[in-house]
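Enquirer:
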Amino acid sequence: MKEFFLVIAMCFGATYLIAQTDSTKSEFGLVFYNEWCNRLLTVDEDNEDLKQELDSLETGAYGFSAGFIYGRKLNSSWTIQSGLTWASRGYAIDSISDAGVFDFSSRVSMLEIPFTVIKEFGESQKARPFLQTGILAGYVLQHRNSWKQVGGTAEFESTNLEELNRIQWSALLSAGVEFSVYENWRIALDARFRQAFQPLSNTDWKRYLNAGGIGIIIKKEF
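Residue numbers (the numbering used here): 717 to 938.
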């Protein structure tokens with residue numbers, strides 16, 4: 717956890733320092749994303765058969781993230797942004813007939829810090845399209861697997877989270893439109909995609925979590 721708090725300090729510190737040059741306004745807001753989550757799987761050569769089996773079984777699942785953002789405008793077109801969100805993501809398996817298992821779900825809960833750059837287009841004060849790109853630093857809080865089987869329901873919650881790469885780095889890309897609704901209040905709608913570039917755990921088969929979704933941001937400029 718110490719490493720994650722260090723990442724928090726670095727991200728917010730960098731946001732503050734960069735924003736001091738020609739900054740005109742700051743913004744604070746709340747965000748919510750409804751997402752479709754999945755994973756990329758890589759294995760070594762000895763486990764190719766296992767990869768094909770897992771790829772045929774594991775499917776995507778719904779997830780979400782919510783939290784707050786803080787941004788500083790560098791000028792009328794460029795903004796740097798950070799914040800803190802809580803996210804729930806994972807993947808699912810419909811059934812494993814040989815084991816009598818169905819409705820399997822693997823969920824990861826984490827805190828995330830975005831550090832992004834936003835480019836707005838056009839001169840309209842009513843609606844402006846934008847592109848956003850950057851990185852997400854995540855810290856895994858919980859990893860839970862649950863499933864059903866003939867005769868009952870079983871649930872397993874990982875207790876040794878040190879087996880996981882608890883700090884997760886992801887790339888982020890989004891596009892959307894920001895609307896002016898009242899004086900300094902804004903509402904933004906966007907679609908985004910995130911892809912982890914480090915595995916959830918260092919095993920012989922490595923899962924890289926990803927998610928795509930649609931979000932809403934309600935914010936106020938100061």
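Cβ atoms here follow ideal geometry from the backbone N, Cα and C, with glycine treated the same way. What you are looking at is a predicted structure, and each value in this text was computed from that prediction instead of being measured.
Would you check if the distance between the CB atom of Ser-862 and the CB atom of Ser-821 is smaller than 8 angstroms?
Expert: Here residue 862 corresponds to residue number 146 of the sequence shown, with the count starting at 1. Here residue 821 corresponds to residue number 105 of the sequence shown, with the count starting at 1. Yes.
Enquirer: Report, in whole angstroms, the separation of the C-beta atoms of Gly-783 and Trp-802, which I expect to be a contact under 8 angstroms.
Expert: Walking along the sequence shown from the start, residue 783 turns up at place 67. Walking along the sequence shown from the start, residue 802 turns up at place 86. The pair is a contact, with the Cβ atoms about 6 angstroms apart (cut-off 8 angstroms).
Enquirer: Cβ of Leu-827 within 8 angstroms of Cβ of Ala-891?
Expert: Taking the first residue of the sequence shown as 1, we reach residue 827 at position 111. Taking the first residue of the sequence shown as 1, we reach residue 891 at position 175. Cβ atoms of Leu-827 and Ala-891: not closer than 8 angstroms.
Enquirer: Would you identify the three-state DSSP class for Lys-706, choosing helix, strand or coil?
Expert: Since the first residue shown for the chain is 717 and the last is 938, residue 706 is missing from the structure and cannot be characterised.
Enquirer: What is the DSSP secondary structure of Asp-760, counted as helix, strand or coil?
Expert: Position 44 of the sequence shown, counting from 1, holds the residue named residue 760. Three-state result, Asp-760: coil.
Enquirer: Tell me where the beta strand (DSSP E) around Ser-825 begins and ends.
Expert: Taking the sequence shown and counting its residues from 1, the one referred to as residue 825 is at position 109. Looking at the DSSP string, the run of the beta strand (DSSP E) that includes Ser-825 is 817-836.
Enquirer: Which runs of the alpha helix (DSSP H) spanning at least 4 residues fall entirely within the region 841-929, listed in chain order?
Expert: none
Enquirer: Identify every residue that forms a DSSP beta bridge with Glu-937.
Expert: Numbered from its first residue, the sequence shown carries residue 937 at position 221. Answer is Glu-743.
Enquirer: Applying the 10 Å Cβ sphere with the 16-neighbour rule, what's the burial state of Ile-796?
Expert: The residue labelled residue 796 in the question sits at position 80 within the sequence shown. Buried, because 16 or more other Cβ atoms sit within 10 Å of the Cβ of Ile-796.
Enquirer: I'd like the list of long-range same chain contacts for Ser-739, defined as Cβ closer than 7 angstroms, with 5 residues on each side in sequence excluded.
Expert: As a working note, residue 739 is residue 23 in the sequence shown. Residue placement at Ser-739 is poorly supported in this model, since its pLDDT is 48, which falls under 50; the coordinates still yield a value, given next. These residues qualify, in order along the chain: Arg-788, Lys-789, Leu-790.
Enquirer: Quick one: grab the DSSP three-state call for Leu-800.
Expert: Here the question's residue 800 lines up with position 84 in the sequence shown. Three-state DSSP puts Leu-800 in a strand.
Enquirer: Can you tell me where the beta strand (DSSP E) holding Ser-792 begins and where it ends?
Expert: Indexing the sequence shown from 1 puts residue 792 at position 76. Counting along the chain, Ser-792 falls outside any beta strand (DSSP E), and DSSP gives it neither H nor E.
Enquirer: Is it buried or exposed, Ser-840, if we count other Cβ atoms within 10 angstroms and call 16 or more buried?
Expert: On the sequence shown, position 124 is the one that residue 840 refers to. The residue in question, Ser-840, is exposed, as its Cβ has fewer than 16 Cβ neighbours within 10 Å.
Enquirer: State the DSSP-derived secondary structure class of Glu-769, mapped to helix, strand or coil.
Expert: Position 53 of the sequence shown holds residue 769. Note: Glu-769 maps to helix in three-state DSSP.
Enquirer: What's the gap between the Cα of Lys-935 and the Cα of Thr-758?
Expert: Position 219 of the sequence shown, counted from the first residue, corresponds to residue 935. Position 42 of the sequence shown, counted from the first residue, corresponds to residue 758. If you take the alpha carbons of Lys-935 and Thr-758, they lie about 39 angstroms apart.
Enquirer: Just to confirm my understanding: we take Leu-766, look at its own chain, exclude 5 residues before and 5 after, and list those with CB closer than 7 angstroms. What are they?
Expert: By 1-based counting over the sequence shown, the position of residue 766 is 50. Here the set comprises Val-759, Trp-921.
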